[in-house]
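Here the structure comes first, spelled out in structure tokens, and everything after it is commentary.
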Amino acid sequence: MYDLDKILDEVRTKYYASKILPRPNILWSDEHWTAINGKYDLYNNQITVSRAFNSNDISYEALASVVYHESLHQDFADHDRKFMLRANRFPNYNTYAKELDEYLSDYSLNLKYDKIIADYSKGKNEVAFVIIPYLEDFQNAFTFYDGNIYIDTEAQVSNVSKSNLTIFLVDNGKKYHIVAWAENVEFFKEQKQILHGDFGGLDFSYRISALRDNVKILFDTTCTYAIWKNAFPASLETDKFCVYNIGADLIQEDIKYINSYCEGFYELGMAPFAIGIAAPYEQLPYKELYAIAVNEAGFRGIWAANALCKIDLNYDTLFNRADALRDSGLITLAYNEMKKAYSLANKNPNCTAELIKLCAMVSDFSLGNQLIKELSGSIAVDEYLANSIAHLQK
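Now the structure itself:
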């Protein structure tokens, strides 16, 4: 129907083209995204547009506004004031945004899940249904940290096969709604905690953990599949979980639903394959790239830092990459990278201080106390450093 490459070229000619990144690739999504119009990924310089828009029901100009919006993300990470000022330069941008939202709402309502696109039950022995808190804010129950996703719940699940499919529910009164699922999760009967807030990291509690790529989280607008409460044993409401054999007749419709779900997932955290990829900044002069890498936050900061390290691997670039990894919650990788920077730092007190904080997070008391002895008395001790030193010297 629509030629995305043609639209992108027109957008770049008429409205916006990044001066620091090359022309992005562009394609349709595999799934029928209904919660998002599209997305831009810096690591592979690619725009993906919801295939739901490849229709005569969407005007050319409205689709061009999506391509324009995602093109801006080459240079603007967040939907902040600067981004929105640029976005509104597209003619009738807000009118098209409303048109697109209304279209996707109707599209989702009429979308039939008539094709099996995954097999989450393959190789599994049991299915656990687990209630999580926060209702419509259910995404807050999931925390990405150090490469895993941790899930908050009151359920004290035990004696479940390691080869499990776990389906997460929220209690909506008379029904439970499926809001996420995960494969081969690890359950903890007692509540666990990660307490890194005093050292500059996160504090959170959990009873379930899983590899990041094994967790699928829905958008709040796409978790429309509901199950009547009386379909489950009464114990689910009190215990917050129940477990079935994978072949139980009662749950086959639920499994069919998740295997045919096709409206896209809420992406939490960074996929392992993308961590080491460098953003396509290689053509920039070193000073310009360094400024971008220092100022980029989150995952974009990692990709920019990787590009910088590709050009020149030295103390500054390694330190910057370690800092970006830590900022993205990849603590163990940040710790290992900061050790590499420290080996080239000639006892730079700033590097020593940051490595002490990371030692506190990963509980490396031996190295941490060695670094404390080396720390220059001239460096200002911030709250995180003071807490880290106190923790390591216990």
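Numbering (the UniProt record's numbering), first residue to last: 1 to 394.
We put the beta carbon where it would ideally sit given N, CA and C, even for glycine.
Bear in mind that the values here come from a model prediction, so they are computed numbers and not experimental data.
Cα-Cα separation between residue i and residue j, rounded to whole angstroms
{"i": "K229", "j": "G264", "result": "26 Å"}
{"i": "Q139", "j": "K256", "result": "23 Å"}
{"i": "Y2", "j": "Y60", "result": "8 Å"}
{"i": "S29", "j": "R51", "result": "5 Å"}
{"i": "A231", "j": "D239", "result": "16 Å"}
{"i": "H177", "j": "L104", "result": "21 Å"}
{"i": "A248", "j": "E126", "result": "9 Å"}
{"i": "G197", "j": "S388", "result": "10 Å"}
{"i": "Y107", "j": "T34", "result": "7 Å"}
{"i": "T143", "j": "T332", "result": "16 Å"}
{"i": "L371", "j": "N336", "result": "15 Å"}
{"i": "H32", "j": "T224", "result": "15 Å"}
{"i": "I227", "j": "K175", "result": "5 Å"}
Simplified DSSP assignment, three categories, for residue i
{"i": "W303", "result": "helix"}
{"i": "H177", "result": "strand"}
{"i": "Q156", "result": "coil"}
{"i": "S108", "result": "helix"}
{"i": "L358", "result": "helix"}
{"i": "V170", "result": "strand"}
{"i": "Q283", "result": "coil"}
{"i": "R86", "result": "helix"}
{"i": "D203", "result": "strand"}
{"i": "L142", "result": "For the sequence presented, residue 142 should be read as Phe rather than Leu. Correct three-state label for F142: strand."}
{"i": "S260", "result": "helix"}
{"i": "K189", "result": "strand"}
{"i": "L195", "result": "strand"}
{"i": "T238", "result": "helix"}
With 16 other Cβ atoms within 10 Å as the buried cut-off, status of residue i
{"i": "V49", "result": "buried"}
{"i": "S65", "result": "buried"}
{"i": "R81", "result": "exposed"}
{"i": "S235", "result": "exposed"}
{"i": "L250", "result": "exposed"}
{"i": "K14", "result": "exposed"}
{"i": "S205", "result": "exposed"}
{"i": "E136", "result": "exposed"}
{"i": "H79", "result": "exposed"}
{"i": "K357", "result": "buried"}
{"i": "Y134", "result": "exposed"}
{"i": "M84", "result": "exposed"}
{"i": "R89", "result": "exposed"}
{"i": "A353", "result": "buried"}
{"i": "K122", "result": "exposed"}
{"i": "V381", "result": "exposed"}
{"i": "T222", "result": "buried"}
{"i": "I292", "result": "buried"}
{"i": "D183", "result": "Note that residue 183 is Glu in the sequence shown here, rather than Asp. It counts as buried."}
Presumed contact (8 Å Cβ cut-off) between residue i and residue j, rounded CB distance
{"i": "V243", "j": "I208", "result": "Between I208 and V243 the Cβ distance is about 13 Å, and since that is not below 8 Å, they are no contact."}
{"i": "I7", "j": "V67", "result": "5 Å"}
{"i": "I275", "j": "I302", "result": "7 Å"}
{"i": "residue 411", "j": "A87", "result": "Beyond the ends of the chain as shown, which are 1 and 394, falls residue 411; an answer cannot be given."}
{"i": "S328", "j": "F365", "result": "That pair is no contact at about 25 Å."}
{"i": "A345", "j": "C351", "result": "4 Å"}
{"i": "Y384", "j": "F199", "result": "6 Å"}
C-beta neighbour in chain D for residue i, strict 8 Å
{"i": "E70", "result": "Checking the listed chains, one finds no chain D in this structure; it contains a single protein chain."}
Practice task
Identify every run of the beta strand (DSSP E) within the segment 18-42, keeping only runs that are complete inside it and at least 3 residues long; order them along the chain.
Solution key: Listed in chain order, they are 25-28 and 38-41.
Exercise for the section: Note down, one range per segment and in chain order, each alpha helix (DSSP H) of at least 4 residues found wholly within the segment 290-345. Expected result: As far as the segment 290-345 is concerned, its whole alpha helix (DSSP H) runs of at least 4 residues are 298-311, 315-327 and 331-343.
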